Each structure stands twice: as C-alpha cells, then as structure tokens.
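Protein chains in written order, with the numbering used here: chain A, -1 to 115; chain B, 214 to 326.
Backbone N, C-alpha and C define an ideal beta-carbon position, used for all residues, glycine too.
Computed from a predicted model, the values in this text were never measured in an experiment.
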Amino acid sequence: GAVVSQHPSWVICKSGTSVKIECRSLDFQATTMFWYRQFPKQSLMLMATSNEGSKATYEQGVEKDKFLINHASLTLSTLTVTSAHPEDSSFYICSATGRSSYNSPLHFGNGTRLTVT
Amino acid sequence: QKEVEQDPGPLSVPEGAIVSLNCTYSNSAFQYFMWYRQYSRKGPELLMYTYSSGNKEDGRFTAQVDKSSKYISLFIRDSQPSDSATYLCAMSQSGAGSYQLTFGKGTKLSVIP
Chain A
-1 GAVVSQHPSW
9 VICKSGTSVK
19 IECRSLDFQA
29 TTMFWYRQFP
39 KQSLMLMATS
49 NEGSKATYEQ
59 GVEKDKFLIN
69 HASLTLSTLT
79 VTSAHPEDSS
89 FYICSATGRS
99 SYNSPLHFGN
109 GTRLTVT
Chain B
214 QKEVEQDPGP
224 LSVPEGAIVS
234 LNCTYSNSAF
244 QYFMWYRQYS
254 RKGPELLMYT
264 YSSGNKEDGR
274 FTAQVDKSSK
284 YISLFIRDSQ
294 PSDSATYLCA
304 MSQSGAGSYQ
314 LTFGKGTKLS
324 VIP
C-alpha cells in the first residue's frame, strides 16, 4: 500500500525559532498533500492543502505566513513553523494522495510531535 | 451540532470481547466512510473504507454504514490487547482522498488481557 514518510518524528525547539517538517510519498506520486494538526484528545484538524507546483490553500484561521508550506516535487512537501511559540506545540500529521487515487482513502505519515519551550 | 459525533470513551473491554464503535453525522451528502486506527504518538492507519451504505468485512473487522440513520459502526471481533488504540471515523462527500474529509474526535479503546 501507499507509504507516507514524515520526518522528524519529534522535535523540541525554543520559542522564536523555526522548525521544518518533511512529508514524503515513498511509492507514488503525490499530487496533493494535506497537513493536519492534532491537539491532545482532539481530532485531526486540516490546516492546509498543497498541490504540487502551486501555492497551498489554507483553512480558515490558519496563518499562512506562520505555517509555510512548500510542495516543490511530486514526492515531497514541507511545513515550516516560523517563529514558533508554545501554543504551536502540537502533533502535526501529513497525508497524501495521487492523480489516480482521488477516490482512494488517504494514507498518513506517522506525525511529528512539536514541543516549543 | 457538529458534523460528526463520536463518543471519545475511554472504552475498556476484556480480551476476546466484541467491540462496537460508532459515529453519527448530520451531513446527508457524505458518501465515503472510513475508519482509522491511531496508536499513541503515531499517525492514523486506515482500517476500513466503505462507499455509500452497506457492510464490509475484513478479518476481525466489520464496518457498517446506515445512511438513512446517518450512523456508521465498526465492530471488532475477538478483540486483542494489540487493538488498544484510538479509533477515528472519517467521512467525505467528494471522494475518500478529498481535502473535505471530516473526522470524528476518536474513541480510545483499551483491551484488557
């Protein structure tokens, strides 16, 4: 089945610094990648949708200047949390889908736990 | 009313029990229904995928969709300690891989040996 790899699995950073999270599709071309955030005991909340080669579409309430998304190739999307603050501490998860799999369920990465001190 | 309601639990059952998990929803346009299993500090793993109404069985897992009642269920037979996880329902009206996927909050399940 489709495999989505996410790196790093956890990161601790100081307030005010930036953190980059990578999401890779290992065995298919991901035309679309999704970035979610999950707070403890809460469900996944979609932050943004990124299509290869174009600007990401952000959900309402998500600051595009704070959460920079780049989807430069069909196998890689990155999420950069800029000027991170403790309230950005969360579990960030990516998922991906390909051209021929729009109606196929999403496969998710293993998530990145971000802790901002 | 939230679009998707799911009892967060926690739900504790003895090993070997039949587990019933469910979600209700309000949007009658939902057509694609999924169940994901999420272990602690891991991403969701797809368990079952159903289009429209009906039942689907895969090993110890059975998914049911009742669109008339806007109710979906996941049954786990002969539950094992390794089934201990959070189970998320998800649904969409425009494709299972759509950005318009709506998740439930998840039900935390513990299977006690």
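Three-state secondary structure assigned by DSSP to residue i
i: P103(A); result: coil
i: S23(A); result: strand
i: E50(A); result: coil
i: D86(A); result: helix
i: P223(B); result: coil
i: S41(A); result: coil
Nearest candidate by alpha-carbon position, reference residue i, set the options
i: V2(A); options: L104(A), E61(A), V114(A); result: L104(A)
i: A82(A); options: A46(A), S48(A), T113(A), F32(A); result: T113(A)
i: Q244(B); options: E216(B), S307(B), F316(B); result: S307(B)
i: W248(B); options: T320(B), L260(B), E216(B); result: L260(B)
i: D279(B); options: K215(B), V226(B), I289(B), C236(B); result: C236(B)
Buried/exposed call for residue i, threshold 16 Cβ in 10 Å
i: G107(A); result: buried
i: K318(B); result: buried
i: R35(A); result: buried
i: R22(A); result: buried
i: L24(A); result: exposed
i: P227(B); result: exposed
Beta-ladder partner(s) of residue i, from DSSP
i: F243(B); result: Beta-bridge pairing links F243(B) to no other residue.
i: L66(A); result: T78(A)
i: T116(A); result: Outside the shown range of chain A, which is -1 to 115, sits residue 116(A), and nothing can be said about it.
i: K269(B); result: A276(B)
Subject >> Three or more C-beta pairs below 8 Å linking the region 316 to 325 of chain B and the region 228 to 243 of chain B >> reply: These segments touch.
Subject >> Stretch pair the region 4 to 15 of chain A + the region 59 to 76 of chain A: three plus CB contacts closer than 8 Å >> reply: no
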